[in-house]
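Trainee: I have a structure I would like to understand better, so I am pasting it below and will then ask my questions one at a time.
In the numbering used here, the protein residues as written are 47 to 441.
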């Protein structure tokens, strides 16, 4: 390529030809100019097919920076920069502060400063914040024997830049994770929450009411039922939040307050009692800032006892309701709502030796209490619950 073609864009970068020629030899100058033209095109977001003539087709890219950790090719990085410079931050600018070339390793180093304001919508980023960033970075570009860039490594404190532009709070918590927290706790449900997480985001909790819920979709709808139907007017506090960049995990410590006044399937009738319960969410955030896994840590039995869903001893409500309905002779129609349709029964007692289902036992007790011994009564002397075996005992 003719030297004049190489130097056409140099005035825009502030390069003085004579100075460079005194500092490096002609071969090194050609190599450095190759990389500078590519760097300039990349930073301005004007990467065209013609610019790719300066690198190999399989040129690799790497960066220890959260937004870039899944980008492994220069092609992919060039398109990412195009989205930032042209779509997300139109009118952005950059300065090339220093540049150098190491002929022994055939590596050019560029130290730059990028400035921009987030005014445009781009997939994978939060909504425009209209905030500005001024972020510094370094490129190390390797040149192969044919004068093509075949490897780029970027060194960049991405979390600092993201905090400046409002993509994450100053504490480092990713924006989508915090938006998800507030949407979930206020009962917005999956339709609102889905924009902040992956479609198949998983959920887990070692808490009795949540043990069958395995997706964030399912949990969001469960919280919607609690917040909107069972406890309308409930509130919450976000007590603390933090972010661990090594594991890409956001942690939220909250307190939920509500009074059970509404009918919701799966819960006892409204108790008009209140709860104040603490909990922690651990949310894993993927490379695109989306939540893909949530773990909730919550002492659900404590909360349930506060609101009257279980007695203070911890005996589950359905088990106690069953006991009272059975002993008062309500029969199967009165107890079936508290047990499974095929619930089994056993007793080492002569009158009951042929009774093998709860259905049959409930009808037998109905006969005793209503027909054989009308006016009978009973006392519940004591009750307890063993969470390890999930077994309630009534005396």
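All C-beta atoms, glycine included, are put in the ideal place defined by N, C-alpha and C. Predicted model, so just to flag it, every value in this text is computed and none were measured.
1) Relative to the alpha-carbon of residue 46, which residue among 139, 206, 264 has its alpha-carbon at the smallest distance?
2) Check the DSSP bridge columns for residue 402 and list the partner residues they point to.
3) Would you mind sorting residue 206 into buried or exposed? The rule is 16 or more other CB atoms within 10 Å of its CB.
4) If you check the beta carbons only, do residue 320 and residue 253 fall under 8 angstroms apart?
5) What's the gap between the Cα of residue 422 and the Cα of residue 244?
6) Could you give the DSSP three-state label for residue 67: helix, strand or coil?
7) Are there three or more Cβ pairs, one per stretch, closer than 8 angstroms when the stretch 335-345 is compared with the stretch 310-318?
8) List the whole-angstrom C-beta distance separating residue 150 from residue 333, where the pair is believed to meet the contact cut-off of C-beta under 8 angstroms.
9) Judging by CA-CA distance, which residue of 229, 249, 250 is the nearest neighbour of residue 242?
10) Give me, in chain order, the residues of the same chain whose beta-carbon lies closer than 7 angstroms to that of residue 316; leave out the 5 immediate sequence neighbours on both sides.
11) Cα-Cα, which of 394, 223, 432, 109 is closest to residue 262?
12) Whole-angstrom Cβ separation of residue 390 and residue 403, contact assumed at under 8 angstroms?
13) Counting C-beta neighbours from all protein chains within 10 Å, is the total for residue 268 16 or more, i.e. buried, or is it exposed?
14) Answer with buried or exposed for residue 397, where buried requires no fewer than 16 other C-beta atoms within 10 angstroms of its C-beta.
15) Answer yes if the stretch 196-204 comes into contact with the stretch 173-186, meaning at least three C-beta pairs across the two stretches below 8 angstroms, and no otherwise.
16) Is it buried or exposed for residue 287, if we count other Cβ within 10 angstroms and need 16 for buried?
17) Using 10 angstroms around the beta-carbon of residue 292, count the other beta-carbons present and answer buried if the total reaches 16, otherwise exposed.
18) With DSSP collapsed to three states, give me the class of residue 274.
19) Runs of 3 residues minimum, wholly inside the stretch 229-264: which ones carry the beta strand (DSSP E) assignment?
20) From the DSSP output, in three-state form, read off residue 378 for me.
21) Could you compute how far the alpha carbon of residue 330 sits from the alpha carbon of residue 176?
22) Could you check what DSSP says for residue 100 in three-state terms: helix, strand or coil?
23) Quick one: is residue 136 buried, meaning 16 or more other Cβ sit within 10 Å of its Cβ, or exposed?
24) Would you identify the three-state DSSP class for residue 198, choosing helix, strand or coil?
25) In terms of residue numbering, what span does the beta strand (DSSP E) encompassing residue 300 cover?
26) Mind checking whether residue 248 and residue 167 have CB atoms under 8 angstroms apart?
27) What does DSSP give as the partner residue(s) for residue 317 in the beta ladder?
28) How big is the Cα-Cα spacing for residue 162 and residue 114?
29) DSSP on residue 142, reduced to helix/strand/coil?
30) In three-state terms, what does DSSP make of residue 342?
31) Tell me whether the beta-carbon of residue 138 lies closer than 8 angstroms to the beta-carbon of residue 120.
32) Cβ atoms of residue 284 and residue 300: under 8 angstroms apart, would you say?
Mentor: In short:
1) The displayed coordinates of the chain run from 47 to 441. Any statement about residue 46 would go beyond what the structure contains.
2) DSSP output for residue 402 lists no bridge partner at all.
3) By the neighbour-count criterion, in which 16 or more other beta carbons inside 10 Å mark a residue as buried, residue 206 falls on the exposed side.
4) Against a cut-off of 8 angstroms, the Cβ pair of residue 253 and residue 320 comes out as no contact.
5) Our two residues, residue 422 and residue 244, have alpha carbons roughly 59 angstroms apart in a direct line.
6) In this prediction, residue 67 has a pLDDT of 40, which is less than 50 and means its spatial position is unreliable; nothing more can be read from the coordinates.
7) At 8 angstroms Cβ cutoff, the stretches do not touch.
8) The C-beta distance from residue 150 to residue 333 rounds to 34 angstroms, too long to fall under 8 angstroms, and the pair is not in contact.
9) For the residues 229, 249, 250, the minimum Cα distance to residue 242 belongs to 229.
10) Once the five neighbours on either side are set aside, the close Cβ partners of residue 316 are 306, 307, 308, 309.
11) Per the Cα distances, 223.
12) Going by Cβ atoms, the distance from residue 390 to residue 403 rounds to 6 angstroms, so yes, they are a contact pair.
13) Taking a 10 Å sphere around the C-beta of residue 268, we find 16 or more other C-beta atoms and assign the residue as buried.
14) Exposed, by the Cβ-count rule.
15) With three or more CB-CB distances shorter than 8 angstroms, the stretch 173-186 counts as touching the stretch 196-204.
16) Counting of Cβ neighbours within 10 angstroms places residue 287 among the buried residues, the total reaching 16 or more.
17) With fewer than 16 other Cβ atoms within 10 Å, it is exposed.
18) Three-state result, residue 274: helix.
19) Inside the stretch 229-264, DSSP marks whole beta strand (DSSP E) runs of 3 or more residues at positions 243-251, from first to last along the chain.
20) Helix at residue 378.
21) Our two residues, residue 330 and residue 176, have alpha carbons roughly 27 angstroms apart in a direct line.
22) Three-state result, residue 100: helix.
23) Exposed, since its Cβ has fewer than 16 Cβ neighbours within 10 Å.
24) Strand at residue 198.
25) For residue 300, the enclosing beta strand (DSSP E) has its first and last residue at 295-305.
26) The criterion of a C-beta distance shorter than 8 angstroms is not satisfied by residue 248 and residue 167.
27) The partner list for residue 317 (beta bridge, DSSP) is empty, contrary to what the question assumes.
28) Approximately 18 angstroms between the Cα atoms of the pair.
29) Strand.
30) Strand, per DSSP.
31) At a Cβ-Cβ threshold of 8 angstroms, residue 138 and residue 120 do not count as neighbours.
32) Yes; because the gap between Cβ atoms is below 8 angstroms, this pair is in contact.
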